Amino acid sequence: MAGWGQTLPLFIPSAEIVNCARAGASSRSFMERGRLAWLLREARPDDLVLLSFGLIDMKPGQGRHTEPFRDYRARLSQCVDAVRDRGAHPVLVTSHERRVFDAQGNLRPLLGMYPVAMREVAADKSVPLIDLNEWSTRWWREAGPDGTRQIFLYLAPGEHPNYPEGVADNTHLRVGGAIECARFIARELRDRSMLEADYFENLERPCFSPDSVEWLDDDVFGELVRTRTLEVVE
């Protein structure tokens, strides 16, 4: 299981990427549990801050749910303003679609109005938007029910030691799926000149060996999300 924030360094290896994502975090819990405050303390002028919420916001209860055009929209706006106040540059990224197909093999988009609300915030506040939701929806449809099993966390019993009984997860991505989402985001950052072209590598590389993602080690990942790793350049 992996997220695109974890695999983005494969395409932007010379930039410091601080992955602040948390499993099960919505825009509400990310703010209420102090993660946004940490991000703002660590943010530096001219940083790019990619903000992506929605997959968990839609879930009911548990102190995480938001309504798309009420508190979700308001929280996104608050995040944008706070990042700008730090002299950094917000970029909104819509969430990838879930893997749900009907009996006829048609994709059933479940994120509803959350991507719409994010697009509205981006337009209202003149924030760059990377529409991962629209792109992933097209990819899931092309891949179909069988092809998307290779993108999402679908494992047979005994296939992986972490899931001895197997797993069928329609939300979380395999490493390969996360890599392709990160590739799309990196291309958007490059093609729209949000980062200089010299930062980018491997955008045309078709695949990566397991050694390429060894940095996903839990200890390394845990350290990266706790602290900045590069000194401030005066």
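Sequential numbering of the sequence shown, starting at 19, is according to the numbering used here.
Yeah, the Cβ is synthetic: ideal placement off N, Cα and C, and Gly gets one too.
Computed from a prediction, not measured in an experiment: that's the story for all the values here.
When only Cα atoms are considered, Y217 and A33 end up about 7 Å apart. Residues H114 and E115 of the same chain have their beta carbon placed closer than 6 Å to that of S154, with the five preceding and five following residues left out of the count.
When DSSP states are grouped into helix, strand and coil, A39 belongs to the coil group.
According to the DSSP secondary-structure assignment, Y172 is paired through a beta bridge with A186.
For P163, the uninterrupted alpha helix (DSSP H) run begins and ends at L150 to G165, by DSSP.
In this structure M49 does not touch L94 by the C-beta definition: roughly 10 Å separates them, more than the 8 Å allowed. Look at F48 here: in three-state DSSP terms it is helix. Here the alpha carbon of R208 sits roughly 19 Å from the alpha carbon of E152.
In the three-state scheme derived from DSSP, where H, G and I count as helix and E and B as strand, F218 is classed as coil. The three-state reading of DSSP puts F71 in coil, since its state is none of H, G, I, E or B. A121 sits in coil when the DSSP states are folded into three classes, being neither helix nor strand. Taking a cut-off of 8 Å on C-beta distances, the segment 86–106 touches the segment 124–132, as three or more cross pairs fall below it.
Between E219 and F29 a beta carbon distance of about 6 Å is seen, short of the 8 Å cut, so the two are scored as contacting. Judged by their CB atoms, V111 and I203 are nearer to each other than the 9 Å cut-off. Residue state for L147 is assigned as strand, using DSSP reduced to three classes.
Here DSSP, grouped into helix, strand and coil, assigns L94 to helix. Below 8 Å, too few C-beta pairs join the segment 143–151 and the segment 159–175 to call them touching: fewer than three. Judged by DSSP in its simplified three-state form, L128 adopts coil rather than helix or strand. Per DSSP, reduced to three states, the secondary structure at P27 is helical.
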